[in-house]
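J.: The structure under discussion is supplied below as structure tokens; questions concerning it will follow.
Numbering (full-length UniProt numbering), first residue to last: 1 to 58.
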């Protein structure tokens with residue numbers, strides 16, 4: 001039987017606080033991710049790797 005992921009009330013309340021200005025949860029999460037610090041680029045072109053993997057599957 002699959003277990004349900006449960007979180008505490010503060011965690012459940014956080015998205016409501018973040019979206020209090022009327023923004024959707026997805027746009028709020030997107031903004032939070034974009035504002036977070038990003039590591040230096042490692043030179044890996046993920047788009048090219050995904051395209052190559054898809055070509056291999058065909």
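Built from N, CA and C at the ideal position, the CB exists for glycine as well.
Just so you know, these numbers come straight off a predicted model, no measurement behind them.
Hey, would you say residue 19 sits closer than 8 Å to residue 28, going by beta carbons?
T.: For the purposes of this step, residue 19 is identified with residue 19 of the chain shown, where counting begins at 1. For the purposes of this step, residue 28 is identified with residue 28 of the chain shown, where counting begins at 1. Contact flag set, yes.
J.: How far does the alpha helix (DSSP H) with residue 33 in it extend, from its first residue to its last?
T.: What you label residue 33 is simply residue 33 of the chain shown in a count that begins at 1. From DSSP, the alpha helix (DSSP H) with residue 33 extends over 25–35.
J.: Determine, using beta carbons only, whether residue 15 and residue 25 come nearer to each other than 8 Å.
T.: Taking the first residue of the chain shown as position 1, residue 15 is located at position 15. Taking the first residue of the chain shown as position 1, residue 25 is located at position 25. Yes, they are a contact pair.
J.: Which class does residue 19 belong to by DSSP, given the choice of helix, strand or coil?
T.: To locate residue 19, count along the chain shown from 1; it is residue 19. Residue 19: coil per DSSP, three-state reduction.
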